[in-house]
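Q: Input: one structure, supplied below.
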């Protein structure tokens, strides 16, 4: 009975005229009613796959009917539709669907030359972005066209529509029609660097006691690997490290961390799979204080930001840590897969609502992904990028530096790229 | 964070209302909104361009222009095209081959291969009555093999004994031999995550394919992937000829535009969607659902799914009866409140219903959240008897509840009044009259 839903929805849309406070319980009840109706409806679909839906014309919100209709459409006539052939080449802003540049390069750089790696990772990012921006700049003359091209280039780098528009607007305000491509590029470079730099902030290192760093993120972002790399780095820089295996959910996550800790020589605090992650964090901090260890790394289980219960669990870990050691966790980083698109913003926002995020670690930047979403994150949420992961080895973790990052992105030729990536790695 | 496409298109077409007719130029404007929606959903720029071009040509020949509610027709039209582009209807994994069916899972690090391998094995075992064998060829990630072993144990599917010191190709041959002797009729090969530009590891996959001769090579792709999805898909497809896709982490709030990109590059059907951490959470993929999700058409279907997870049939029936008979008590109300909160914030849930975005924002305001906490406190301070019959709430009881919940008598009064209105409203709704709604809601003033 689509009628029913329509009625409820129309009720709900009346509610929006009033202060919501006056109608909170109505909303709860209506929502419950919708869900109850829906829970029944799905079963009906299972039994009879394509109920005839009534005409949409009368419905206050026809999209609902539409969505239902879509769900109940019978199989289409044509079994498969081959995607349309790619449009003929245009000079402006084509994302590289050609094989990644210079296939010989990865092979050449494969031997574990650590400094070269970040160069490689960044170079890919840079080449893609730069090639597109260059095409955008040289391929067209008018400022409008250039700006549109720049916008697309930025979007293609996962910077996101909103941040891209903002960047391009800023550039447009700075250059006049007829400006050289170099001037425009400089302006864009400045804007991106400014956006990234505006969110930079120093690490919150406690005056005494251990520094507690918590890593959070969605499943498969690279938290455990990042924890291992961080442990190695922190050990070298600050002395003994304790790693808390607070991913007690995923099968073999503890074993994975155990292997890593053995490799980098960090102490591991663990409990059994399925135990309370907050208790593991508690134990780790207690042990760190007792043993006078300088850094605690808490590796948490991957969780999608939409899972309310799991976000509550994350809050609890932070809360328990703070109770045992005031101020802890001092740093709380979102580990982000560089290949992630605009959902990274949602991740940063919702994880940030749960725990006080102080930074982002951008993992897997050695992929062909551009990692441009960090620009959007810096712009919208003012979260700094702390580190970038550029490979599978322990040493493949670099400190992020906004200015250097942008310089490397825009470095004009290979020699300059080497210089900037060198200084970046240093 | 994003406006829905329908909100925006409504704006575009509203501007036309005075003009009487929709022109080609207006279509351009509408398509611009579609383009933005697709880009925000992480569909690759090139794929978006092709799609827009395609839709434009088709739209111009259609009666979209003459329609009275152009935005609805237009959205529907776009949704259909998107669905077609993703392969139309749901597709089955073809198991009608000479057993054992050999399936190779490949993908980037962290895309969800190991979990998907176990989920797929469970699906084959439970729903297709197969006897699968799980094989990990991941000798790189620490404890990857252990992970698969544990997962296999959870679903009761045998996992081949392997060591991290072995060569992946050797493992594969051993698996084939084992299935021969032990009579498995499906083998799922999990592989190490790798970048599509890693020559050595891609070579390894090539050799693995030659050794295994798989019937299916499935690319496991993260629904949250951005613009780079095309490069990844292209890289794997060129080397291995991908035959199908598994889209993981669709239980996130990602719009999942990457699926469209991958599909456009490989032409391979999207077979399964990973929709949760439980091993049963692998579903046959429905292109139509993703089409409406990418377009941000309100995610009614996800809401339906959530509803189904959280309400069993008996419970739902009972509640419906209570609504009708006016037997809905504060106890029931409290339970609904609890259930809804478990499913997410009110705003989140409302946001899944098309057209309710505005309320969704309000429902998550600090003020509204505080109100819900207050309501919860008031209910918690009631005795069981009071909750089951709110009519006994006299002045003294209300004063006690106010003290107990840290609220005021006025607030308790307001809640009770609201609750009574809610009851009336629910009764009216379930009776399906639809008339006098405003009065029933008591919100007319």
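Residue numbers (our numbering), protein chains in the order written: chain A, 1070 to 1495; chain B, 169 to 613. The beta carbon of each residue, even a glycine, is placed where N, CA and C say it ideally should be.
1. Round the Cβ separation of residue 1496 of chain A and residue 1458 of chain A to the nearest angstrom and send it over; I've been treating them as touching at under 8 Å.
2. Under 9 Å, Cβ to Cβ, is there at least one residue of chain A near residue 543 of chain B?
3. Please tell me whether residue 390 of chain B has its Cβ less than 9 Å away from any Cβ of chain A.
4. Starting from residue 1467 of chain A and walking both ways along the beta strand (DSSP E), at which residues does that stretch end?
5. Would you call the CB atoms of residue 1313 of chain A and residue 1349 of chain A closer than 9 Å?
6. On the premise that residue 1408 of chain A lies in contact with residue 1433 of chain A, defined as a C-beta separation below 8 Å, what is that separation, rounded to the nearest angstrom?
7. Can you name the residues that DSSP bridges to residue 1366 of chain A?
8. Would a check of beta-carbon distances place residue 1341 of chain A closer than 9 Å to chain B?
9. For a contact defined as C-beta to C-beta under 9 Å, what are the partners of residue 374 of chain B on chain A?
10. Which of the three DSSP states is assigned to residue 389 of chain B in this structure?
11. Using beta carbons (cut-off 9 Å, strictly below), is residue 345 of chain B in contact with chain A?
12. Looking only at its chain, what residues have a beta carbon closer than 6 Å to the beta carbon of residue 1454 of chain A, apart from the 5 residues adjacent to it on each side?
13. So the beta strand (DSSP E) residue 453 of chain B belongs to, where does it begin and stop?
14. If residue 1326 of chain A sits next to residue 1301 of chain A, beta carbons under 8 Å apart, how far is it from one beta carbon to the other, in whole angstroms?
15. Nearest chain B C-beta to residue 1366 of chain A closer than 9 Å, yes or no?
16. At the 9 Å Cβ level, is residue 1472 of chain A part of the contact set with chain B, yes or no?
17. Where residue 1330 of chain A and residue 1421 of chain A are concerned, what is the direct C-alpha to C-alpha distance, given to the nearest angstrom?
18. What ranges does the alpha helix (DSSP H) occupy inside the region 1331 to 1403 of chain A, keeping only unbroken runs of at least 4 residues that lie completely in it?
19. At the level of alpha carbons, what is the spacing between residue 361 of chain B and residue 214 of chain B?
20. Could you please give me the residues that DSSP links to residue 327 of chain B through a beta bridge?
21. Rounding to the nearest angstrom, what Cα-Cα distance links residue 1272 of chain A and residue 1423 of chain A in this structure?
22. Beta-carbon of residue 278 of chain B versus every beta-carbon of chain A: anything under 9 Å?
23. Whose C-alpha, out of A:1254, A:1253 and A:1317, is nearest the C-alpha of residue 1372 of chain A?
24. Considering Cα atoms alone, identify which of A:1366, A:1417, A:1229 and A:1473 is closest to residue 1400 of chain A.
25. Quick one: is residue 1274 of chain A buried, meaning 16 or more other Cβ sit within 10 Å of its Cβ, or exposed?
26. Buried or exposed for residue 462 of chain B, please, with buried defined as at least 16 other CB atoms from any protein chain shown within 10 angstroms of its CB.
27. The region 317 to 331 of chain B: which residues have C-beta closer than 8 Å to a C-beta of chain A, in chain order?
28. Just to confirm, is the Cβ distance from residue 434 of chain B to residue 402 of chain B under 9 Å?
29. For residue 1368 of chain A, count neighbouring Cβ atoms within 10 angstroms of its own Cβ and tell me buried if that reaches 16, exposed if not.
30. What is the rounded straight-line gap between the Cα of residue 429 of chain B and the Cα of residue 246 of chain B?
31. With a threshold of 6 Å on Cβ separation, who are the neighbours of residue 209 of chain B within its own chain once the five nearest residues in sequence on each side are excluded?
32. Does the beta carbon of residue 1098 of chain A come closer than 9 Å to any beta carbon on chain B?
33. Flag residue 1218 of chain A as yes when its Cβ comes closer than 8 Å to any non-hydrogen atom of the ligand PLP, and as no otherwise.
34. Decide if the region 284 to 295 of chain B is in contact with the region 308 to 324 of chain B; the criterion is three or more beta carbon pairs, one per stretch, under 8 Å apart.
35. Straight-line CA distance for residue 333 of chain B to residue 1323 of chain A?
36. Beta-carbon within less than 8 Å of residue 1240 of chain A's beta-carbon, same chain only, minus the 5 sequence neighbours each way: which residues are those?
A: So, to answer that:
1. Chain A is shown from 1070 up to 1495; residue 1496 of chain A falls before or after that span and cannot be answered.
2. Indexing the second chain from 1 puts residue 543 of chain B at position 375. For residue 543 of chain B, the closest Cβ of chain A is nearer than 9 Å.
3. By one-based count along the second chain, residue 390 of chain B stands at place 222. By the rule that beta-carbons nearer than 9 Å mark a contact, residue 390 of chain B touches chain A.
4. Taking the first chain and counting its residues from 1, one reaches residue 1467 of chain A at position 398. For residue 1467 of chain A, the enclosing beta strand (DSSP E) covers residues 1466 to 1468.
5. Residue 1313 of chain A sits at position 244 when you count from the first residue of the first chain. Residue 1349 of chain A sits at position 280 when you count from the first residue of the first chain. In terms of Cβ geometry, residue 1313 of chain A and residue 1349 of chain A form a close pair [threshold 9 Å].
6. Here the question's residue 1433 of chain A lines up with position 364 in the first chain. Here the question's residue 1408 of chain A lines up with position 339 in the first chain. Contact between residue 1433 of chain A and residue 1408 of chain A holds: their C-beta atoms lie close to 6 Å from each other, under 8 Å.
7. Within the first chain, numbered from 1, the residue matching residue 1366 of chain A stands at position 297. A:1282 and A:1312, per the DSSP bridge assignment.
8. Residue numbering aside, residue 1341 of chain A sits at position 272 when the first chain is read from its first letter. For residue 1341 of chain A, the answer is no, since every Cβ of chain B falls outside 9 Å of its Cβ.
9. Position 206 of the second chain, counted from the start, is the residue given in the question as residue 374 of chain B. The premise fails here: residue 374 of chain B is roughly 15 Å from chain A at the closest Cβ pair, so nothing lies under 9 Å.
10. Position 221 of the second chain, counted from the start, is the residue given in the question as residue 389 of chain B. Strand.
11. Residue mapping note: residue 345 of chain B aligns to position 177 of the second chain, counting from 1. Not one chain A Cβ lies under 9 Å of residue 345 of chain B.
12. Here residue 1454 of chain A refers to the residue found at position 385 of the first chain. 1429, 1431, 1443 and 1469, listed in sequence order.
13. Position 285 of the second chain, counted from the first residue, corresponds to residue 453 of chain B. Here residue 453 of chain B belongs to no beta strand (DSSP E), and DSSP marks it neither H nor E.
14. What you label residue 1326 of chain A is simply residue 257 of the first chain in a count that begins at 1. What you label residue 1301 of chain A is simply residue 232 of the first chain in a count that begins at 1. The C-beta distance from residue 1326 of chain A to residue 1301 of chain A rounds to 13 Å, too long to meet the 8 Å contact threshold.
15. As a working note, residue 1366 of chain A is residue 297 in the first chain. It does not; no Cβ of chain B falls within 9 Å.
16. Reading the first chain from its first residue, position 403 is the one you call residue 1472 of chain A. So, not an interface residue.
17. Mapped onto the first chain, residue 1330 of chain A falls at position 261. Mapped onto the first chain, residue 1421 of chain A falls at position 352. Rounded to whole angstroms, residue 1330 of chain A to residue 1421 of chain A spans 28 Å at the Cα level.
18. DSSP runs (the alpha helix (DSSP H)) wholly in the region 1331 to 1403 of chain A: 1346 to 1360 and 1377 to 1393.
19. Taking the second chain and counting its residues from 1, the one referred to as residue 361 of chain B is at position 193. Taking the second chain and counting its residues from 1, the one referred to as residue 214 of chain B is at position 46. The alpha-carbon atoms of residue 361 of chain B and residue 214 of chain B are separated by roughly 26 Å.
20. Counting from 1 along the second chain, the entry for residue 327 of chain B is found at position 159. Checking the DSSP bridge columns, you'll see residue 327 of chain B partnered with B:302.
21. In the first chain, residue 1272 of chain A corresponds to position 203, counting from 1. In the first chain, residue 1423 of chain A corresponds to position 354, counting from 1. Linking residue 1272 of chain A to residue 1423 of chain A through their CA atoms gives a straight-line distance of about 20 Å.
22. Numbered from its first residue, the second chain carries residue 278 of chain B at position 110. In terms of beta-carbon proximity, residue 278 of chain B lines the interface with chain A, with at least one pair separated by less than 9 Å.
23. Working through the first chain from its first residue, we reach residue 1372 of chain A at position 303. Selected option, being the one with the closest Cα: A:1317.
24. Within the first chain, the letter at position 331 stands for residue 1400 of chain A. Ranking the options by Cα distance to residue 1400 of chain A, first place goes to A:1366.
25. Within the first chain, the letter at position 205 stands for residue 1274 of chain A. An exposed status is given to residue 1274 of chain A, since fewer than 16 other beta-carbon atoms sit within 10 Å of its beta-carbon.
26. Translated into the one-based positions of the second chain, residue 462 of chain B becomes position 294. Buried, because 16 or more other Cβ atoms sit within 10 Å of the Cβ of residue 462 of chain B.
27. Per Cβ criterion, the list reads 317, 318, 319 and 322.
28. The sequence position of residue 434 of chain B within the second chain is 266, counting from 1. The sequence position of residue 402 of chain B within the second chain is 234, counting from 1. Yes.
29. Counting from 1 along the first chain, the entry for residue 1368 of chain A is found at position 299. The Cβ neighbour count for residue 1368 of chain A, taken over all protein chains shown within 10 Å, is at least 16; the residue is labelled buried.
30. Position 261 of the second chain holds residue 429 of chain B. Position 78 of the second chain holds residue 246 of chain B. Cα to Cα, the separation comes out at about 16 Å.
31. Sequence index remark: in the second chain, residue 209 of chain B carries index 41 (1-based). Cβ contact annotation for residue 209 of chain B (same chain, cutoff 6 Å, sequence separation greater than five): 423, 425 and 462, in chain order.
32. Against the first chain, residue 1098 of chain A aligns to sequence position 29. Chain B has a Cβ within less than 9 Å of the Cβ of residue 1098 of chain A.
33. No copy of the ligand PLP occurs in the structure displayed, which carries no ligand at all.
34. Judged by Cβ distances under 8 Å, the region 284 to 295 of chain B makes contact with the region 308 to 324 of chain B, as three or more pairs qualify.
35. Taking the first residue of the second chain as 1, we reach residue 333 of chain B at position 165. Taking the first residue of the first chain as 1, we reach residue 1323 of chain A at position 254. If you draw a straight line from the Cα of residue 333 of chain B to the Cα of residue 1323 of chain A, it is about 20 Å long.
36. One-based indexing of the first chain puts residue 1240 of chain A at position 171. Answer for residue 1240 of chain A: 1216, 1219, 1253, 1256, 1257 and 1260, listed in chain order.
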